[in-house]
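Enquirer: Pasting a structure here, questions to come.
Protein chains in written order, with my numbering: chain A, 2 to 642; chain B, 6 to 318.
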């Protein structure tokens, strides 16, 4: 297609930022110098040029990093290099919270004020700053951020640092953070914090029977040799002996269920991709962990990155994928660095690439960074994001196993699901299934945060009750009375005390109308203003809605407005009318939204209303939507963000 | 699939049994549920659907209940399957349709929407008052500058809207995004489904998403070729020829004095049908019939805007 580019030419620096990713342009078409002799005989552009669109997000990241924002000159140059219309590049660039199309200072602190950090002093932290949200001072600013996945050490901040005077600076996230530390970074300084471990069970005395966490705190996450010393790559060796059919059989026999929130049987999904007639097949690891209160995948990736690389290699082998993408959220700089290093080391040693472990099998793994969009955790939105489009979910069917990434059969699994496969292969399917319950096999990672004595990631066999989990984590912080427990994250539900003995399994939680979601257990003590928490969740969904479908795009706005009214006690008409309205909004969002984001956006609020947790609203209010939240059902292969 | 397309003899299509509201129909494989509903004259509201565009199923107003599906299904894009049981008039369906129309009406100026939209809003008893009075309009370009993932929390006493000043930056058409329901039709018509110009795209995120050129530059600085196919597909009057806009501003637009005249474009040999709207014997707007086999409703700049030579000022 012909591109019409506004007369904004890229500066040398803007060109350099893009060329560093794509190489120097060789044709006039792609923005290079004109070679009249050559151009009289050859034409460029067309399909080859357009096939590079999937590089759009990585290049926008590079420009943002180099310049601190995406200027019109650089945007035009990106459009020319990739043959993507500038309006579409702009549409993609404005979709992500970490990219800016307006000039921004090189130092931006993203300070989390989401539900877990809010219970641990985030608001006091923000009050202590001497600038306001978005105010630029001396080349720096801070903005409020949704959950950064560092909830166990809350409050958290992530620093997005662009180059200054050509000097590259690495992004970093840290927690717990103080106002003085944030101020120091904004002033051009640096902070080094060494947070306590994220997995209390791996500290002395070390818990027995850990599977997913067994290497954490023991293995050096930067060393392939150390990983192998601790049993690494024995699972891949065994998988190569078993062959694809053998691995599929073990995974199916293990009855492993997806851990991303939708609880779809992993074996069924793998079989579907393996037997799909169209080729090539693609593998995606969904590491866009953004559900408020969730940090288990981050801990796995930071502390044991090779395990994920090995597990993805096995998944690729079993399902006939020669190419895998690891899509990690943009707010996880440490995990990104560790995984990048792990992939490079594994490739250098022949554990990835043309000939994996000398087996003749080919598997290449590429890491892709998100750029601040919760919605990209929805599987089809994630695929659009990789392909270089806006991260808007697709309508299903067709499901990814039939037509996913680049329209090809695609296996997409969550980090925790994949890491489980190592154990499935090492033992065998039936042995794996002996742990846990009949329908929920194996162990599960739970993320405990909020007002809890020992926050962190805990690994327990399925069937452990919520009460046992709370005991394991030492109960409520400082022994205060418990006000509420949120299970499953912002898209989850509140659990009343009389249901604390429900086993935490897929079937057990489904029976009480809840869901495990991503394994979030967030505690709120009696000092918490729950309406404030609910309003923050509503604001989160309004911010993170992609805007594609009406029930979610407008519904999340109306839900937030009604909640603000409830919180301020100034109802529009009467409180009862506002509660009725929230119930009606809930029904349409659940029933008519395209994806899981809109479908679960009202879930936590409605469960809080039903339980009488909202001051001024009786638990038996007739307008509350008590119908089941339509997620985690296995009749549709849908992974929730 | 295109309705009213020219009759081409394709491959033989299997007939499937589909149950609609208790009656079984034999329909060709590959039809969408909406095709069947329209064939059966079951009134189904649609906003983002148009026969000459690929369904994006973004508006969620054509939802129906399908047995076995845990959520409602967009009838415009879901293809029928053998034995499918569809219900179009349940409480869930009615509630969702009503709420979608209500959410749109509470945030967008729907006054110039197609007549059918107003009929559906009456049928489903849309009540926008319960969301509170509309919030203040945004300043020029303000909505285009919002950063994804950030918004200012209001006091909830007014309902936030997309109201903003009309963008008038050329002599051929105007963009009044206070009327935009983000149905994606104009983006499709500008891009893959008709013109392949890609001058506009959806930008921003969530409620702050907009239809925009790159950096919100004025249309003359964008890739726009002024085919006006976006105007032809806009269901709410957000996109409008400047001639119509000026008359509406001046209060001289009067549909009771207007006639529709069908003719053939004289500029080239393609033979596009034109549907002229005339008032007081002057052309005030040009469209093309969506069911015309040559244009499918789309035109070029000459056909849509090149008529001043027949009526010099």
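Each residue gets a CB set at the ideal place from its N, CA and C atoms; glycine is no exception.
Which same chain residues end up closer than 7 angstroms to residue 32(B) when comparing Cβ atoms and leaving out the 5 residues on each side of it in sequence?
Expert: So the qualifying residues of the chain are 20, 21, 23, 41 and 85.
Enquirer: What residues in the segment 246–259 of chain B bring their beta carbon closer than 7 angstroms to a beta carbon of chain A?
Expert: Here the close residues number zero.
Enquirer: Can you tell me which residues form a DSSP beta bridge with residue 448(A)?
Expert: Answer is 458(A) and 521(A), bridged to residue 448(A).
Enquirer: Using 8 angstroms as the cut-off, can you tell me whether the segment 185–195 of chain B makes contact with the segment 58–72 of chain B, which would need three or more C-beta pairs spanning the two stretches below that distance?
Expert: As far as the Cβ criterion goes, the segment 185–195 of chain B touches the segment 58–72 of chain B, which means the pair count is three or higher.
Enquirer: Just how far apart, CA to CA, sit residue 411(A) and residue 262(A)?
Expert: Approximately 18 angstroms, taken between the alpha carbons.
Enquirer: To be precise: take each residue of the segment 144–164 of chain B, compare its Cβ to all Cβ atoms of chain A, and keep it if any distance is under 7 angstroms. Which residues remain?
Expert: Per Cβ criterion, the list reads 150, 152, 153, 154, 155, 156, 158, 159, 160, 161, 162 and 164.
Enquirer: Using the DSSP secondary-structure output, state which residues sit across from residue 354(A) in a beta bridge.
Expert: Answer is 364(A).
Enquirer: What residue range does the beta strand (DSSP E) around residue 180(B) cover?
Expert: Segment 178–180, the beta strand (DSSP E) holding residue 180(B).
Enquirer: Name the chain B residues that come within less than 9 angstroms of residue 224(A), Cβ to Cβ?
Expert: Neighbours of residue 224(A) on chain B: none; closest Cβ ~36 angstroms, over 9 angstroms.
Enquirer: Could you check how far apart the C-beta atoms of residue 21(A) and residue 80(A) are, in whole angstroms? I think they sit under 8 angstroms.
Expert: No, residue 21(A) and residue 80(A) are not in contact; Cβ-Cβ is about 17 angstroms, not under 8 angstroms.
Enquirer: Which residues in chain A sit within 9 angstroms of residue 293(B), going by Cβ to Cβ distance?
Expert: Within 9 angstroms Cβ-Cβ: nothing; residue 293(B) doesn't reach chain A, min ~24 angstroms.
Enquirer: Does residue 175(B) come within less than 8 angstroms of chain A when only Cβ atoms are used?
Expert: Answer no: the Cβ-Cβ gap between residue 175(B) and chain A never drops below 8 angstroms.
Enquirer: Are the C-beta of residue 234(B) and some C-beta of chain A separated by less than 8 angstroms?
Expert: No, because no Cβ of chain A sits closer than 8 angstroms to the Cβ of residue 234(B).
Enquirer: Measuring CA to CA, which of 187(A), 204(A) and 27(A) is closest to residue 106(A)?
Expert: Among 187(A), 204(A) and 27(A), the Cα nearest to that of residue 106(A) belongs to 187(A).
Enquirer: Beta carbon of residue 99(B), beta carbon of residue 129(B): below 8 angstroms?
Expert: In contact: residue 99(B) and residue 129(B) (Cβ atoms closer than 8 angstroms).
Enquirer: Measure the beta-carbon distance from residue 430(A) to residue 437(A) and round it to whole angstroms, keeping in mind my assumption that it falls under 8 angstroms.
Expert: Residue 430(A) to residue 437(A), Cβ: 13 angstroms. No contact.
Enquirer: Counting Cβ pairs, one atom from each stretch, are 3 or more of them under 8 angstroms apart for the segment 115–131 of chain A and the segment 289–299 of chain A?
Expert: Flag = yes, the segment 115–131 of chain A and the segment 289–299 of chain A touch.
Enquirer: State the CB to CB distance for the pair residue 199(B) and residue 303(B), rounded to an integer number of angstroms; the pair is presumed to be in contact (CB under 8 angstroms).
Expert: That pair is a contact at about 5 angstroms.
Enquirer: Write down the C-beta distance between residue 225(A) and residue 347(A) rounded to the nearest angstrom, noting that I regard them as a contact closer than 8 angstroms.
Expert: Contact holds; Cβ gap of about 7 angstroms.
Enquirer: Who does residue 478(A) pair with in a DSSP beta bridge?
Expert: Answer is none; residue 478(A) lacks a bridge partner.
Enquirer: Any C-beta of chain B sitting closer than 8 angstroms to the C-beta of residue 258(A)?
Expert: No - not a single Cβ of chain B is within 8 angstroms of the one on residue 258(A).
Enquirer: Give the C-beta separation of residue 353(A) and residue 302(A) to the nearest angstrom, bearing in mind that I take them to be a contact with Cβ-Cβ under 8 angstroms.
Expert: At roughly 16 angstroms, the Cβ-Cβ gap does not stay under 8 angstroms, so residue 353(A) and residue 302(A) are not in contact.
Enquirer: What residue range is occupied by the uninterrupted beta strand (DSSP E) comprising residue 92(B)?
Expert: It spans 89–92 - the beta strand (DSSP E) in which residue 92(B) sits, taken as one unbroken run.
Enquirer: Do you know offhand how far residue 642(A)'s Cα is from residue 268(B)'s?
Expert: With a pLDDT of 32 at residue 642(A), under the threshold of 50, the modelled position of this residue cannot be trusted; read the value that follows with caution. Answer to the nearest angstrom: the Cα atoms are 52 angstroms apart.
Enquirer: Nearest chain B C-beta to residue 121(A) closer than 8 angstroms, yes or no?
Expert: It does not: the Cβ of residue 121(A) has no partner Cβ on chain B nearer than 8 angstroms.
Enquirer: In this structure, what does DSSP give as the bridge partners for residue 485(A)?
Expert: For residue 485(A), which the question treats as bridged, DSSP gives the partners 525(A).
Enquirer: In the structure shown, what three-state DSSP assignment does residue 4(B) receive?
Expert: Since the displayed chain B opens at 6 and closes at 318, residue 4(B) lies outside it and no answer follows.
Enquirer: Does any residue of chain A have a CB that is nearer than 8 angstroms to the CB of residue 36(B)?
Expert: For residue 36(B), the answer is no, since every Cβ of chain A falls outside 8 angstroms of its Cβ.
Enquirer: Sorted by chain position, which residues of the same chain lie with C-beta nearer than 8 angstroms to residue 537(A)'s C-beta, five sequence neighbours on each side aside?
Expert: Once the five neighbours on either side are set aside, the close Cβ partners of residue 537(A) are 114, 115, 116 and 119.
Enquirer: How about residue 541(A): is its Cβ closer than 7 angstroms to a heavy atom in the ligand ADP?
Expert: Within the structure as shown, the ligand ADP is missing, as the structure has no ligands at all.
Enquirer: Of all the CB atoms in chain B, is at least one closer than 8 angstroms to the CB of residue 396(A)?
Expert: Yes - at least one Cβ of chain B is within 8 angstroms of the one on residue 396(A).
Enquirer: Within the 8 angstroms Cβ cut-off, does residue 100(B) reach chain A?
Expert: Interface residue, yes.
Enquirer: What does DSSP give as the partner residues of residue 504(A) in its beta bridges?
Expert: Answer is 466(A), bridged to residue 504(A).
Enquirer: Rank 452(A), 612(A) and 111(A) by C-alpha distance to the C-alpha of residue 514(A) and give the top, closest one.
Expert: Minimum Cα distance to residue 514(A) is reached at 612(A).
Enquirer: Which residues mark the beginning and the end of the beta strand (DSSP E) in which residue 160(A) is found?
Expert: From DSSP, the beta strand (DSSP E) with residue 160(A) extends over 158–162.
Enquirer: Could you run through the segment 95–125 of chain A and flag, in chain order, every residue whose CB is less than 7 angstroms away from some CB of chain B?
Expert: Within the segment 95–125 of chain A, the residues whose Cβ lies closer than 7 angstroms to some Cβ of chain B are 95, 96, 97, 98, 101, 102 and 103, listed in chain order.
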